[in-house]
Amino acid sequence: MAVLMVSGCAQTEQSTDGKGAGTPVPADYTGVEELPEKLDADGTTIVVGDPAAATTVRLYEDPRCPFVEQFESTGAPALREMTLRREAKTEYTLASFRDDSMGGDGSKRAVNALRAALDAGKFTEYHAVIFENRAEIELAGGYTTASLLELADQVDGLRSEAFDSAVTTMKYKDFVNASQKTYETAGGDDPRGPGTPTVAINDTKITGNLAGWVFEKESFAMLLNSVPK
233 MAVLMVSGCA QTEQSTDGKG AGTPVPADYT GVEELPEKLD ADGTTIVVGD
283 PAAATTVRLY EDPRCPFVEQ FESTGAPALR EMTLRREAKT EYTLASFRDD
333 SMGGDGSKRA VNALRAALDA GKFTEYHAVI FENRAEIELA GGYTTASLLE
383 LADQVDGLRS EAFDSAVTTM KYKDFVNASQ KTYETAGGDD PRGPGTPTVA
433 INDTKITGNL AGWVFEKESF AMLLNSVPK
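Numbering-wise (our numbering), the sequence shown opens with residue 233 and increments by one.
In structure tokens:
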């Protein structure tokens, strides 16, 4: 088990503050289905949210990690709310090291499926479904092609011939391997990587006494707002 280091169009509205009176500002996103999603130029980072957001949160996650599941159900909702308000964007690096300790290839298959969901513009919704069902899937033996396709049925518009083929054939195997290597290099002197979840806010890795804050919604919201922009 990894060591925890916790570390698309929208209407516009008029600004009502004194400084920017009359200046059009983007409206909040009304739901996660509106959030922009893209693969960064580095080929491994998945970026979700307004590119102009003042706060950037880097997350390192393995789909089979129970601590990531915990984070996604506790602290992450605060990040989601800030993302919908265009105050933050999230950069995901998806790891798959848990397969080595637990056996099988469930993490690799889940990361591949998440990459396929990005092509369909459904990464955010599918990512939520993946972690909401992690414990149940793990008890059943881990993520498989069949379970990943079944989970995809919970995301409107995700299932398609292209998505199903990508999941079945491991189309993004090269992405999976490259993303794992990116995760490993983020560990500094530790070639195993930084642990999951690792959280960095505007390049500041959250460690030490602050690490536990990411598992409490209100505390994590305070932490997000306290890091210099």
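Even glycine gets a Cβ: it sits at the ideal position worked out from N, Cα and C. This one's a predicted model, so the numbers in the text were calculated from it and none came from an experiment.
(Q) If distances are taken between C-alpha atoms only, which option among E450, R290, I278 and L455 comes closest to N441? (A) Within the sequence shown, residue 441 is the residue found at index 209, counting from 1. Of the candidates E450, R290, I278 and L455, the one whose C-alpha sits nearest the C-alpha of N441 is L455.
**Q.** Residue(s) in a DSSP beta bridge with V280
**A.** Within the sequence shown, residue 280 is the residue found at index 48, counting from 1. Residue pairing by DSSP puts V280 in a beta bridge opposite E269 and T322.
Q | With 16 other Cβ atoms within 10 Å as the buried cut-off, status of D435 | A | Here residue 435 is taken as the residue at index 203 of the sequence shown, counted from 1. By the 10 Å Cβ count, D435 comes out exposed.
Q | Coil, strand or helix - P258 by DSSP | A | Residue mapping note: residue 258 aligns to position 26 of the sequence shown, counting from 1. Three-state DSSP puts P258 in a strand.
Q) From what residue to what residue does the beta strand (DSSP E) around L390 run? A) Looking up residue 390 in the sequence shown gives position 158. For L390, there is no enclosing beta strand (DSSP E), as DSSP marks it with neither H nor E.
Q. What are the residues that DSSP puts in a beta bridge with A384?
A. For the purposes of this step, residue 384 is taken as the residue at position 152 of the sequence shown. DSSP lists no partner for A384.
Q. Near N344, which residues of its chain fall below 6 Å by C-beta distance, leaving aside the five closest residues on each side in sequence?
A. Sequence index remark: in the sequence shown, residue 344 carries index 112 (1-based). M402, Y404 and V408, listed in sequence order.
Q | Burial state of A259, where buried means 16 or more other Cβ atoms lie within 10 Å | A | For the purposes of this step, residue 259 is taken as the residue at position 27 of the sequence shown. Exposed, by the Cβ-count rule.
Q: Could you please give the first and the last residue of the uninterrupted alpha helix (DSSP H) stretch that includes A360?
A: As a first step, residue 360 must be located in the sequence shown, where it is residue number 128. F355 to E364 is the span of the alpha helix (DSSP H), which, as asked, contains A360.
(Q) With H, G and I counted as helix, E and B as strand and the rest as coil, what does DSSP make of K439? (A) Along the sequence shown, one-based indexing puts residue 439 at 207. Just to set this straight, residue 439 is Thr in the shown sequence, not Lys. In the three-state DSSP reduction, T439 falls in the coil class, being neither helix nor strand.
Q | Close-in-space but distant-in-sequence residues of the same chain around G281 (CB under 7 Å, 5 per side omitted) | A | Locating residue 281 in the sequence shown gives position 49, counting from the first residue. Once the five neighbours on either side are set aside, the close Cβ partners of G281 are L267, P268, T315, A320, K321 and T322.
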